[in-house]
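Novice:
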Amino acid sequence: MRARTFKRHIREGLKNTWRNSWMTLASIGAVTTTLILVGAFLVLLLNINHIAENLEEDVEIKVLVDLTANDAETTAVGEELERLDNVKSVTFSTREEELERLMSGLGDEGDIFGLQDQENPLNDAYIIKLDDPTETVAMAREIATFDHVEDVNYGEDFVQNLFDFNAYARNIGLVLIIALLFTAIFLISNTIKITIFARRKEIEIMQLVGATKWFIRWPFFVEGMLLGVLGSVVPISLLIGGYYYLDQNMSAVQQFDFITLLPFSPFVWQVSGVIILIGVVIGVWGSVMSVRKFLKV
Amino acid sequence: MIKMKDIRKTYPNGVQALNGITIDIDLGEFVYLVGQSGAGKSTFIKIIFGDEKATSGDVQVAGHDLVNMKRKEIPHLRRDIGVVFQDFKLLPTMTVYENVAFALEVVEETPKNIRKRVMEVLDQVGLKNKARFIPDELSGGEQQRVAIARAIANYPKLLIADEPTGNLDPDTSWEIMKILEEINAAGTTIIMATHSKEIVNTIKRRVIAIEGGMIVRDQHRGDYGYES
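Just so you know, the protein sequences line up as chains A and B, in that order. So the first sequence is numbered by my numbering: it starts at 67 and just counts up by one. So the second sequence is numbered by my numbering: it starts at 10 and just counts up by one.
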């Protein structure tokens, strides 16, 4: 294509967007509505995922070493744990440290029990974190079979429920986003189809004077792209404004340190990019599909 | 210019529009196409500019073999043919100038040449001073003249006019005929489908009459031959 013709297509595409201003507004409205929904879901879903990841990060397995194990055997357990795949870190905690932690956890009540006066009933322990925390249950079962391992703790019920919930949340979110995208494409291609139906005469005349298929398509292509970009202006503004507000206020009322939002930057810019991209793709796709309907040649 | 041999056309719904048409039309001829509505005139015209494909037979138009032509070659055929319709087919949102320039943009003419040629053809049809108007601001005759200007902008060797005066009053019709005669005098072949007895019987040219999808009369300097 010659540069001159390319410029002509851009110019025509812009002109047509202006000339068919009502249809343009209708299409932009459809794009805007769906992109707001898609944007909101993206923000929600990605943050749920982020929180879920935070929670999963905190999951650790505590491996209790047999009271009867000597120093060498205890070290051997540690080495064996280090050798496992999927293990991120292994921290050793002596039975004295364990007792300290238990007492500080109990606070004053610890003193009442007078634990420090009795013989320490606790075990030496290894605390391990995993690269893939969803493997926790299987890993714990495996570790429980090692020599000199008395018991393995990882908060069974809580962990299993957490992972189940996270998997649900992710899958449902994904399904919702995909369903939303299909609705958006349907809605937008319908709007654009109406727009183009009103302009089938234009297409007919272009064909009459010997325009090639691509010559006819290009301005519509440009127009679809423009509709996508214009349609993402409001959703992106809402996203930036809304997320900024949320970010400012969440940190103030935050009580649980695992509930943190993804940081404003770069998260907001990434989601904005995705919104523009989706807008442009459905705009272009919608107009190309609809023009095809009227291109008989 | 146009060579047809035993052209038949059956539409998907079973209607047999053309039943064996054989004809030669030479460069520079002016031909009237007459016949009742539904006789096959429109199908005949549509086959010439590639809007419909013949079911069987051979067609050559302006050096293009329409039977073996690929779909993507149709635009190139159209650039060698100008077409004018009863309903003008102008784009209502574009100015007169833009409507004509359109046909030249399609063939990727330079902007300078487009400006020059558009003003040239608008001058030829007497509408140079209405270049900035939109079609709705013009009379029917003027709109048809814009359509003619668009059709000849590309220097076509063949101009097809499908009832160009069908929507116009008699006075305006004669204006249009005058322009078509001038274009023909400059060497362009013209095929004009018409229902106007007055025109055919006054400006005497070759007359081809179609009935039931067949040519029933091909007469040099003929007459209309029907009671209108």
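All C-beta atoms, glycine included, are put in the ideal place defined by N, C-alpha and C.
Name the chain A residues that come within less than 8 Å of Leu-100 (chain B), Cβ to Cβ?
Specialist: For the purposes of this step, residue 100 (chain B) is identified with residue 91 of the second sequence, where counting begins at 1. The contacting residues are Lys-267, Glu-268 and Ile-271.
Novice: Between which two residues does the beta strand (DSSP E) containing Ala-140 (chain B) stretch?
Specialist: The count along the second sequence starts at 1 and reaches residue 140 (chain B) at position 131. Run containing Ala-140 (chain B): none; DSSP gives neither H nor E here.
Novice: Taking DSSP's pairing of strands, which residues face Asn-219 (chain A) in a bridge?
Specialist: Here residue 219 (chain A) refers to the residue found at position 153 of the first sequence. DSSP lists A:Lys-128 as partners of Asn-219 (chain A).
Novice: Of all the CB atoms in chain A, is at least one closer than 7 Å to the CB of Glu-117 (chain B)?
Specialist: Here residue 117 (chain B) is taken as the residue at index 108 of the second sequence, counted from 1. With 7 Å as the cut-off, Glu-117 (chain B) counts as an interface residue toward chain A.
Novice: Checking contacts by CB at 7 Å: is Ala-110 (chain B) closer than that to chain A?
Specialist: Walking along the second sequence from the start, residue 110 (chain B) turns up at place 101. It does not; no Cβ of chain A falls within 7 Å.
Novice: I think Glu-172 (chain B) touches Gln-95 (chain B), with their Cβ atoms under 8 Å apart; what is that distance to the nearest whole Å?
Specialist: What you label residue 172 (chain B) is simply residue 163 of the second sequence in a count that begins at 1. What you label residue 95 (chain B) is simply residue 86 of the second sequence in a count that begins at 1. Going by Cβ atoms, the distance from Glu-172 (chain B) to Gln-95 (chain B) rounds to 4 Å, so yes, they are a contact pair.
Novice: For Val-354 (chain A), decide whether its Cβ has a neighbour in chain B, counting only Cβ atoms nearer than 7 Å.
Specialist: By one-based count along the first sequence, residue 354 (chain A) stands at place 288. So no, Val-354 (chain A) is outside the interface.
Novice: Based on the DSSP secondary-structure assignment, which residues constitute the bridge partners of Lys-18 (chain B)?
Specialist: Here residue 18 (chain B) refers to the residue found at position 9 when the second sequence is read from its first residue. Paired residue(s): B:Leu-27.
Novice: Quick one: measure Cβ to Cβ for Asp-89 (chain B) and Lys-12 (chain B), integer angstroms, because I've assumed they're closer than 8 Å.
Specialist: As a working note, residue 89 (chain B) is residue 80 in the second sequence. As a working note, residue 12 (chain B) is residue 3 in the second sequence. No, Asp-89 (chain B) and Lys-12 (chain B) are not in contact; Cβ-Cβ is about 15 Å, not under 8 Å.
Novice: Classify Glu-78 (chain A): buried if its beta carbon has 16 or more other beta carbons within 10 angstroms, exposed otherwise.
Specialist: As a position in the first sequence, residue 78 (chain A) is number 12, starting the count at 1. Answer is buried; the Cβ neighbour count reaches 16.
Novice: Pairing CB atoms from the stretch 23-34 of chain B with CB atoms from the stretch 150-158 of chain B, are three or more of them under 8 Å?
Specialist: In short, these stretches do not touch, since the Cβ pair count stays below three.
Novice: Run through chain C and tell me which residues come within less than 7 Å of Phe-281 (chain A), C-beta to C-beta.
Specialist: Although the question refers to chain C, the structure presented lacks it and instead comprises the protein chains A and B.
Novice: Using three-state DSSP, classify Ile-11 (chain B) as helix, strand or coil.
Specialist: The residue labelled residue 11 (chain B) in the question sits at position 2 within the second sequence. The answer is strand: DSSP assigns Ile-11 (chain B) an E or B state.
Novice: Tell me the residue span of the beta strand (DSSP E) that contains Asp-227 (chain B).
Specialist: For this step, residue 227 (chain B) is matched to residue 218 along the second sequence. Residues 223-228.
Novice: Any idea what DSSP makes of Leu-167 (chain B), helix, strand or coil?
Specialist: As a first step, residue 167 (chain B) is located in the second sequence; it is residue number 158 there, counting from the start. If DSSP states are grouped into helix, strand and coil, Leu-167 (chain B) belongs with the strands.
Novice: Classify Ser-170 (chain A) as buried or exposed, calling it buried when 16 or more other Cβ atoms lie within 10 Å of its own Cβ.
Specialist: Counted from its first residue, the first sequence places residue 170 (chain A) at position 104. Exposed, by the Cβ-count rule.
Novice: If you follow the beta strand (DSSP E) that Glu-220 (chain B) is part of, which residue opens it and which one closes it?
Specialist: Position 211 of the second sequence, counted from the start, is the residue given in the question as residue 220 (chain B). From DSSP, the beta strand (DSSP E) with Glu-220 (chain B) extends over 215-220.
Novice: Using DSSP bridges, identify the partner residues of Met-201 (chain B).
Specialist: Here residue 201 (chain B) is taken as the residue at index 192 of the second sequence, counted from 1. Met-201 (chain B) is bridged to B:Tyr-41 and B:Ala-170.
Novice: Quick check on the DSSP output: the beta strand (DSSP E) that includes Ser-65 (chain B) runs from which residue to which?
Specialist: Here residue 65 (chain B) corresponds to residue number 56 of the second sequence, with the count starting at 1. Unbroken beta strand (DSSP E) run through Ser-65 (chain B): 65-70.
Novice: Hey, quick one: how far does the alpha helix (DSSP H) through Ser-159 (chain A) stretch, first residue to last?
Specialist: Taking the first residue of the first sequence as position 1, residue 159 (chain A) is located at position 93. Element bounds for Ser-159 (chain A): not the alpha helix (DSSP H) but the beta strand (DSSP E), 153-159.
Novice: Answer yes if the stretch 203-215 of chain B comes into contact with the stretch 227-235 of chain B, meaning at least three C-beta pairs across the two stretches below 8 Å, and no otherwise.
Specialist: The stretch 227-235 of chain B vs the stretch 203-215 of chain B: in contact.
Novice: Comparing the C-beta of Val-275 (chain A) with each C-beta of chain B, is any distance below 7 Å?
Specialist: Counting from 1 along the first sequence, the entry for residue 275 (chain A) is found at position 209. Taking Cβ atoms only, chain B reaches closer than 7 Å to Val-275 (chain A), which makes this a yes.
Novice: Rounded to a whole number of angstroms, what is the C-alpha to C-alpha distance between Val-143 (chain A) and Val-215 (chain A)?
Specialist: As a position in the first sequence, residue 143 (chain A) is number 77, starting the count at 1. As a position in the first sequence, residue 215 (chain A) is number 149, starting the count at 1. Taking the straight line joining both Cα atoms gives about 8 Å.
Novice: For Ala-106 (chain A), which residues from the same chain have a beta carbon less than 7 Å from its beta carbon, with the 5 sequence-adjacent residues on both sides left out?
Specialist: Working through the first sequence from its first residue, we reach residue 106 (chain A) at position 40. Cβ within range, chain order: n/a, list empty.
Novice: Report the three-state DSSP secondary structure of Phe-286 (chain A) (helix, strand or coil).
Specialist: Translated into positions along the first sequence, residue 286 (chain A) becomes position 220. Residue state, collapsed to three classes: helix.
Novice: Could you tell me the distance, in whole angstroms, from the CA atom of Ile-243 (chain A) to the CA atom of Ile-117 (chain A)?
Specialist: Numbered from 1 along the first sequence, position 177 holds the residue referred to as residue 243 (chain A). Numbered from 1 along the first sequence, position 51 holds the residue referred to as residue 117 (chain A). Using only the alpha carbons, I get a separation of about 19 Å.
Novice: Between Arg-77 (chain A) and chain B, is the shortest Cβ-Cβ distance under 7 Å, so that the two count as touching?
Specialist: Counted from its first residue, the first sequence places residue 77 (chain A) at position 11. No - not a single Cβ of chain B is within 7 Å of the one on Arg-77 (chain A).
Novice: Count the CB pairs spanning the stretch 44-63 of chain B and the stretch 211-231 of chain B that are closer than 8 Å, and state whether there are at least three.
Specialist: Yes: the two stretches touch, three or more of their Cβ pairs being nearer than 8 Å.
Novice: According to DSSP, which residues form a beta bridge with Asp-74 (chain B)?
Specialist: Along the second sequence, one-based indexing puts residue 74 (chain B) at 65. DSSP lists B:Gln-69 as partners of Asp-74 (chain B).
Novice: Counting only beta-carbon separations shorter than 7 Å, does Thr-71 (chain A) have a partner in chain B?
Specialist: Residue numbering aside, residue 71 (chain A) sits at position 5 when the first sequence is read from its first letter. Yes, because at least one Cβ of chain B sits closer than 7 Å to the Cβ of Thr-71 (chain A).
Novice: Report the residue ranges of all alpha helix (DSSP H) runs contained in full by the stretch 103-148 of chain A; include only those spanning at least 4 residues, in chain order.
Specialist: Within the stretch 103-148 of chain A, no complete alpha helix (DSSP H) run reaches 4 residues.
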